[in-house]
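> One structure is given below, represented as structure tokens, and several questions about it will come after.
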Amino acid sequence: MADNEAPAVGIDLGTTYSCVAVYEDERVKVIPNETGYRITSSCVSFTRDGHIVGDNAKYRVTLHPKDTVYEVKRLIGRSFDDPSVARNRILWPFEVFNNNNKPQIAVYPKGENDRQTFTPEEISAKVLQKMKSIAEVFLGKIVKKAVVTVPAYFNINQREATKRAAQIAGLDVLRIINEPEAAALAYNFDKKSDKERNVLVFDLGGGTFDVSVLTQEGGITEVRAKCGDTKLGGCDFDNAMVEESLEWFNDKYHIRNRVTNDNTTRPYHRLRRACEFAKCALSQDDSAIIRIEQFHDGENFYKSITRTQFNEMNAENFQKTIDIVRRALQDAQLTKEDIDEIILVGGSTRIPKIQEMLQKFFGGKSLKKTINPDEAVAYGAAIQAAILDGNISDRLADIHLMDITPLSLGISVKGDIQSTIIKRNTLIPYNNTSDYVTTTDNQTKVKISVYQGESTFVKDNQHLGEFTVTDIPPAPAGVGKVNVTFEMDSDGILDVIAVNKQTGNEQFITIRNPTGSLSNEDVERIIRDAANKQDEDKKEQDRILARNDLESYAHWIVLMIKECTESIQQIVGYRQQEQIKKRCDEVLAWLNKEQNATKVEYKYKKERIVSICSKLPEKYRNPGTLPPELREKYPVTADHISTRSYHSINPDLD
Numbered sequence: 001m002a003d004n005e006a007p008a009v010g011i012d013l014g015t016t017y018s019c020v021a022v023y024e025d026e027r028v029k030v031i032p033n034e035t036g037y038r039i040t041s042s043c044v045s046f047t048r049d050g051h052i053v054g055d056n057a058k059y060r061v062t063l064h065p066k067d068t069v070y071e072v073k074r075l076i077g078r079s080f081d082d083p084s085v086a087r088n089r090i091l092w093p094f095e096v097f098n099n100n101n102k103p104q105i106a107v108y109p110k111g112e113n114d115r116q117t118f119t120p121e122e123i124s125a126k127v128l129q130k131m132k133s134i135a136e137v138f139l140g141k142i143v144k145k146a147v148v149t150v151p152a153y154f155n156i157n158q159r160e161a162t163k164r165a166a167q168i169a170g171l172d173v174l175r176i177i178n179e180p181e182a183a184a185l186a187y188n189f190d191k192k193s194d195k196e197r198n199v200l201v202f203d204l205g206g207g208t209f210d211v212s213v214l215t216q217e218g219g220i221t222e223v224r225a226k227c228g229d230t231k232l233g234g235c236d237f238d239n240a241m242v243e244e245s246l247e248w249f250n251d252k253y254h255i256r257n258r259v260t261n262d263n264t265t266r267p268y269h270r271l272r273r274a275c276e277f278a279k280c281a282l283s284q285d286d287s288a289i290i291r292i293e294q295f296h297d298g299e300n301f302y303k304s305i306t307r308t309q310f311n312e313m314n315a316e317n318f319q320k321t322i323d324i325v326r327r328a329l330q331d332a333q334l335t336k337e338d339i340d341e342i343i344l345v346g347g348s349t350r351i352p353k354i355q356e357m358l359q360k361f362f363g364g365k366s367l368k369k370t371i372n373p374d375e376a377v378a379y380g381a382a383i384q385a386a387i388l389d390g391n392i393s394d395r396l397a398d399i400h401l402m403d404i405t406p407l408s409l410g411i412s413v414k415g416d417i418q419s420t421i422i423k424r425n426t427l428i429p430y431n432n433t434s435d436y437v438t439t440t441d442n443q444t445k446v447k448i449s450v451y452q453g454e455s456t457f458v459k460d461n462q463h464l465g466e467f468t469v470t471d472i473p474p475a476p477a478g479v480g481k482v483n484v485t486f487e488m489d490s491d492g493i494l495d496v497i498a499v500n501k502q503t504g505n506e507q508f509i510t511i512r513n514p515t516g517s518l519s520n521e522d523v524e525r526i527i528r529d530a531a532n533k534q535d536e537d538k539k540e541q542d543r544i545l546a547r548n549d550l551e552s553y554a555h556w557i558v559l560m561i562k563e564c565t566e567s568i569q570q571i572v573g574y575r576q577q578e579q580i581k582k583r584c585d586e587v588l589a590w591l592n593k594e595q596n597a598t599k600v601e602y603k604y605k606k607e608r609i610v611s612i613c614s615k616l617p618e619k620y621r622n623p624g625t626l627p628p629e630l631r632e633k634y635p636v637t638a639d640h641i642s643t644r645s646y647h648s649i650n651p652d653l654d
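Using UniProt numbering, the letters of the sequence shown correspond one by one to residues 1 to 654.
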């Protein structure tokens, strides 16, 4: 590190506010901005001379709503046709337009003839540049490296877009980490325990909500499950109060020129700001006053709102948070009683009703809020940044964060079944290898199609990519063997490697963050749909496995008769050998015609083959284990085809 280069920082890039911290002198320092506050508004306002970022930009929204951009985190990484983009465009005063199904932002700081356009990444980059500058002023050095946090349920597009924004801001991104896990690191850093404990992080910010369930022991933090809603936060509570207040004002004064929720007007933004202040006041007091002088048509706005009223207008959103907590516990396979600590993160967790509902759900357990909820994420990000930057402090030596994969990953095998190689909620980094065999005689290539999801059948799962293994030496069905390895690293990047065991040749594909463009709703829907179809899928899977088992066994016996004719004749005689072959050929012909027979029929036909082969030595009746006289001809064989027939891979059909 150069003398003028600062240590890596941690940045919480929030929907409404952002925060930056650094690990220095054996402790974490949350860095104040130029006004002394340790959180900075994630707001950018464009002027005739350039742009302003932060709290001063936020104050301009009332007078310059069309040129002031905020909540861009709700745009980043999304397509223009995303339903959430349509919902939010109605609420924003600045222009959001469609550019090849990507949302872009237009401002007019010098008038209608001066149209300036920006991507969400460029707006986020300006916020990140501001946080970088705040850190540089405090540290007196150039900040080049950072860990940036995102909601746990940000998909790959949103994560990659956030990373691009940081790069535009001049930052080398050491890692993108999830906000709840960063907060858990913060608490674990200050209070390590050798005793294993289960921790639930409840992260309710300005625009997003996340729940993570983690297990901590010593300095190790393992993610067990995560759920969330990237469209739920304090902004939504503000919106509810604004809508109710507008309706109240119009009903009270019966003004011909009614106040509307037109987000380009000054009254709307004055009311929105007043409602935000009232919301914050209600976290301390039982009631608050919304007061706006000369609000509209000469009338003042003066309204009292109670905490009870605020709770009622947000009851549905508050309940959503508890429902998501319940789902997270189910995914982690834990009960409420198993949770040892509940950590509050995000400014919206200050709402008393939220705390009351959460505490009631957990049977009165205390809620941890010893670290400022606005700062906990940046605090943990700074710890992770120091570790990745090579800081060798004793306090950091044993701290590790281990994430999970949210959905199962596997490949398509015979019968279009998903053969899972990495199960859902597996800790990463992780690797696993499965063996697969060919399904047709003289098969020389196989297609490896990669899927993610919880359904038994790939048609109900998400296709991630595919490649073909070629140059397999011709051999009878069940003899050719391919090893498929899934390797997922700590950044969620998946390498799929297939090795032809007879030649040693390998092919592979790299899939960056297999959750693809799935939203949190997509992930939850996939899990829910798979659970609903579990019984139905299990029956169909058993039927297909019985068919595969029968086919594999019949092919194997035919192969043995073909390759070991003389040996078998000496044992059972020519006539019995021909009867065995005839029965197997009849079964294989029947299988070609009968695709939809029952599990019972398949098992019955296999039992008939097993019965007629009863006098054969075991070395000829044990699928997958070649007799000694054939091992030189077929040096690589499959293992246990009869018990692992679902590992019969689909042939390449191109």
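Quick reminder that beta carbons are idealized off the backbone N, C-alpha and C, glycines included. Remember, predicted model here, so these are calculated numbers, not experimental data.
Any contact of the segment 110-120 with the segment 336-354, i.e. 3+ C-beta pairs under 8 Å?
Short answer: they don't touch.
> Between which two residues does the alpha helix (DSSP H) carrying residue 605 extend?
599-612
> Where do the N-terminal and C-terminal ends of the alpha helix (DSSP H) with residue 240 fall, by residue?
234-253
> Could you tell me how far apart the beta carbons of residue 60 and residue 109 are, in whole angstroms, since I believe they sit closer than 8 Å?
With a Cβ gap of about 11 Å, residue 60 and residue 109 do not count as contacting.
> Counting only runs of 3+ residues fully inside the segment 157-244, write out the beta strand (DSSP E) ranges in chain order.
172-178, 193-204, 209-218 and 220-229
> Would you decide whether residue 476 is buried or exposed? Buried here means 16 or more other CB atoms lie within 10 Å of its CB.
buried
> Starting from residue 267, trace the alpha helix (DSSP H) both ways and give me its first and last residue.
266-281
> Count the other CB atoms, across all protein chains shown, that sit within 10 Å of the CB of residue 64; report buried if there are 16 or more and exposed otherwise.
buried
> Residues in the same chain with beta-carbon distance under 8 Å from residue 122, minus the five sequence neighbours each way, listed in chain order, please.
By the criterion of a C-beta distance shorter than 8 Å, residue 122 is surrounded in its chain by 165 and 168, once the five residues flanking it on both sides are discounted.
> Give a yes or no on whether the minimum CB-CB distance between residue 19 and chain C is below 7 Å.
The displayed structure is made up of one protein chain only, and chain C is not part of it.
> On the CB-based measure, 16 or more other CB atoms within 10 Å of its CB, does residue 472 come out buried or exposed?
buried
> Thinking C-alpha only, which one of 354, 464, 481 and 404 is nearest residue 442?
481
> Give the single residue among 68, 573, 591 and 605 whose Cα lies nearest to the Cα of residue 616.
573
> Can you check whether the CB of residue 502 is closer than 7 Å to the CB of residue 451?
no
> Distance check for residue 277 and residue 265, CA to CA, integer angstroms please.
For the pair residue 265 and residue 277, the Cα-to-Cα distance works out to about 19 Å.
> CA-CA distance, residue 75 and residue 372?
When only Cα atoms are considered, residue 75 and residue 372 end up about 27 Å apart.
> What number of angstroms, rounded off, separates the C-alpha of residue 27 from the C-alpha of residue 396?
Spanning the alpha carbons of residue 27 and residue 396 requires a straight line of approximately 10 Å.
> DSSP three-state label for residue 669, please.
Outside the shown range of the chain (1 to 654) lies residue 669, about which nothing can therefore be said.
> Between the alpha carbons of residue 612 and residue 214, how many angstroms are there, rounded?
For residue 612 and residue 214, the distance between alpha carbons rounds to 56 Å.
> Between the Cα of residue 405 and those of 435, 454 and 375, spot the shortest distance and give me the residue it belongs to.
454
> Per DSSP, what kind of secondary structure is residue 395 in: helix, strand or coil?
helix
> Who are the near neighbours of residue 579 in its chain, counting only those whose CB is closer than 8 Å to its CB and skipping five residues on each side?
612
> What three-state label does DSSP hand residue 74 in the structure shown?
Helix.
> For the beta strand (DSSP E) that contains residue 116, what are its first and last residues?
116-118
> Which residues in the same chain as residue 599 place their Cβ atom closer than 7 Å to its Cβ, once the five residues preceding and following it in sequence are excluded?
For residue 599, where only same-chain residues beyond five positions count, the Cβ hits under 7 Å are 542, 543 and 546.
> Less than 7 Å between C-beta atoms, sequence neighbours within five positions excluded: which residues of the same chain meet that for residue 163?
173 and 176
> What distance in whole Å lies between the Cβ atoms of residue 436 and residue 413, which are believed to be in contact at a cut-off of 8 Å?
Going by Cβ atoms, the distance from residue 413 to residue 436 rounds to 7 Å, so yes, they are a contact pair.
> For residue 178, which of 228, 131 and 129 has the nearest alpha-carbon?
Cα-wise, what sits closest to residue 178 is 228.
> Have a look at the DSSP bridge pairing and note the partners of residue 500.
Per DSSP, 482.
> State the CB to CB distance for the pair residue 145 and residue 171, rounded to an integer number of angstroms; the pair is presumed to be in contact (CB under 8 Å).
About 7 Å separates the two Cβ atoms, so the contact holds.
> Rounded to the nearest angstrom, what separates residue 18 and residue 211 at their Cα positions?
19 Å
> Taking the alpha-carbon positions, what's the residue 139 to residue 9 distance?
11 Å
> Return helix, strand or coil for residue 555, following the three-state DSSP convention.
In the structure shown, residue 555 sits in a helix (DSSP, three-state: H, G or I).
> Quick check on the DSSP output: what are the complete beta strand (DSSP E) runs of length 3 or more inside the segment 277-364, in order along the chain?
Fully enclosed beta strand (DSSP E) runs of 3 or longer: 287-296, 299-306 and 341-345.
> Between residue 507 and residue 498, what straight-line distance do the alpha-carbon atoms span, to the nearest angstrom?
5 Å
> Which of the three DSSP states, helix, strand or coil, is assigned to residue 4?
coil
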